[in-house]
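Colleague: Dropping the structure in here first, questions after.
In my numbering, the protein residues as written are -3 to 416.
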């Protein structure tokens, strides 16, 4: 007599709805088992997706049970309850071929270990996968259309709320002001992410769990274009209908400071000795902090966790005095001065040639972009392009223009003059 394992699975719904569905499947299968006199060795319930085997521990346990001989048959609602991916279908067929699995019984039919039954089982399982893939494509297509219309497709980012009535994104009156402060503080170049987290925590900012935001969470916020009105999804950008919290200019100021790092670059400009000195006790790096808004103190980072000087702070002026005394002991010959001067002069001349070429290239790119924008407007005016696509392309061109103009200003500002 076959030893059946009853396998019930449901996914992609809320937990309570899953439980009801699992109960319904189990009830129907037990009715069949009682009617046909089937021996149920164990009931296995699972609330996971069938996209990958790794996501279904109970399915894997069932397969091991068949391999060990604990079960010789499977009772389930339909073939797609067992799998919607080709790998799992193959595993079940392999168990039949090995003589370890006698049959798979469903609500409407039984698949025995014969060529026709195995073919039908594979076909119905593949059909379920096709339907699932098609559903996924339809969802993605719908999401793209929503994004093109300027509507967000996921849960609201920090600082915003999902308005269920209008199905739109609205400002969170409690947290939006804090988001604005994050950008303002970071753009100053005077605060690290950890310092911003502590400052805002002291001002009352909390996560939904009542905790302090981490530096990593603030880093993600500062690097997200959503906050100045541009949505990003799968590497593409769309103009959103939601109200921006900050301006694009403020966002770009933060990007210049961040450089994809967790602490602002501008901060190091005020700390002239950072990166040049190490602790004489443990040889770890020495870092600097701004205290009371104007005093700079240096201390050991204690990177090795063994330094007894980690809490000892030294004023920057004191360090400067020590270094100045050591520098006065150094002597550089006139010959060395001439060599360094000549080499630097040649370097600046070459840099000037590169600068002129870079500036010319950037200006030509800006002219080309203006022509592209003009052609795009003509195309839209002639009715040859949809408004959503037009606005998407126009936004891309405008962003390119801002970046090019910023690049030109930066090149002009850094114009090397070997005679100054």
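The beta-carbon is built from N, C-alpha and C at its ideal position, and this holds for glycine as well. For clarity, every value in this text was computed on a predicted model and none was experimentally measured.
Please confirm whether residue 310 and residue 291 have their CB atoms less than 7 Å apart.
Modeller: no
Colleague: Taking the C-alpha atoms as reference points, what is the distance between residue 88 and residue 152?
Modeller: When rounded, the distance between both Cα atoms is 42 Å.
Colleague: Could you have a look at residue 154 and say whether DSSP puts it in helix, strand or coil?
Modeller: Of the three classes helix, strand and coil, the one that applies to residue 154 here is coil, per DSSP.
Colleague: Below 7 Å between beta carbons: does that hold for residue 355 and residue 407?
Modeller: yes
Colleague: For residue 259, which residues of its own chain have a beta-carbon under 7 Å away from its beta-carbon, when the five flanking residues on both sides are left out?
Modeller: With a pLDDT of 41 at residue 259, under the threshold of 50, the modelled position of that residue is not reliable, and the figure given next carries that caveat. Counting only residues of its own chain and dropping the five nearest sequence neighbours on each side, residue 259 has a CB closer than 7 Å to the CB of 188, 189.
Colleague: According to the neighbour-count rule (16 or more other Cβ atoms, all chains shown, within 10 Å of its Cβ), is residue 135 buried or exposed?
Modeller: exposed
Colleague: According to DSSP, simplified to helix, strand and coil, what is residue 332?
Modeller: helix
Colleague: According to DSSP, what are the bridge partners of residue 298?
Modeller: BP columns for residue 298 are empty, so no partner.
Colleague: If I follow the unbroken alpha helix (DSSP H) through residue 57, where does it start and stop?
Modeller: 53 to 64
Colleague: Output the boundary residues of the alpha helix (DSSP H) element that contains residue 250.
Modeller: 244 to 254
Colleague: Taking the C-alpha atoms as reference points, what is the distance between residue 61 and residue 31?
Modeller: Take the alpha-carbon of residue 61 and the one of residue 31: they are about 25 Å apart.
Colleague: Just curious, the beta strand (DSSP E) that residue -3 is in, first and last residue?
Modeller: Per DSSP, residue -3 belongs to no beta strand (DSSP E) and is neither H nor E.
Colleague: What's the C-alpha gap between residue 236 and residue 167?
Modeller: In this structure, the CA atom of residue 236 is about 13 Å from the CA atom of residue 167.
Colleague: Shortest alpha-carbon distance to residue 230 belongs to which of 336, 238, 139, 284?
Modeller: 139
Colleague: Using DSSP's beta-bridge definition, name the partner residues of residue 311.
Modeller: 293
Colleague: My understanding is that residue 78 touches residue 172, with C-beta atoms under 8 Å, so please give their C-beta distance in whole angstroms.
Modeller: About 48 Å separates the two Cβ atoms, so there is no contact after all.
Colleague: Classify residue 284: buried if its beta carbon has 16 or more other beta carbons within 10 angstroms, exposed otherwise.
Modeller: So residue 284 counts as buried.
Colleague: Among the residues of its own chain, which have a CB less than 7 Å from the CB of residue 182, if the five just before and after it don't count?
Modeller: 192, 218, 250, 253, 260
Colleague: Rounded C-beta distance between residue 69 and residue 101? I'm assuming under 8 Å.
Modeller: 7 Å
Colleague: Buried or exposed for residue 316, going by 16 or more other Cβ atoms inside 10 Å?
Modeller: exposed
Colleague: According to DSSP, is residue 159 helix, strand or coil?
Modeller: strand
Colleague: Tell me the rounded alpha-carbon separation between residue 401 and residue 362.
Modeller: C-alpha separation (whole angstroms): 8 Å.
Colleague: Considering only the beta carbon of each residue, do residue 238 and residue 165 sit closer than 7 Å?
Modeller: yes
Colleague: Start and end of the alpha helix (DSSP H) containing residue 179?
Modeller: 172 to 183
Colleague: Helix or strand or just coil, what does DSSP make of residue 78?
Modeller: helix
Colleague: I think residue 40 touches residue 58, with their Cβ atoms under 8 Å apart; what is that distance to the nearest whole Å?
Modeller: 5 Å
Colleague: Do residue 3 and residue 106 come within 7 Å of each other at the CB atom, strictly closer than that value?
Modeller: no
Colleague: Near residue 24, which residues of its chain fall below 8 Å by C-beta distance, leaving aside the five closest residues on each side in sequence?
Modeller: 73, 103
Colleague: Residue 0 to residue 85, Cα distance in whole Å?
Modeller: 18 Å
Colleague: At a Cβ threshold of 7 Å, is residue 121 touching chain C?
Modeller: Of the protein chains in the structure, only one exists, and it is not chain C.
Colleague: Among all the DSSP beta bridges, which residues are the ones paired with residue 228?
Modeller: 233
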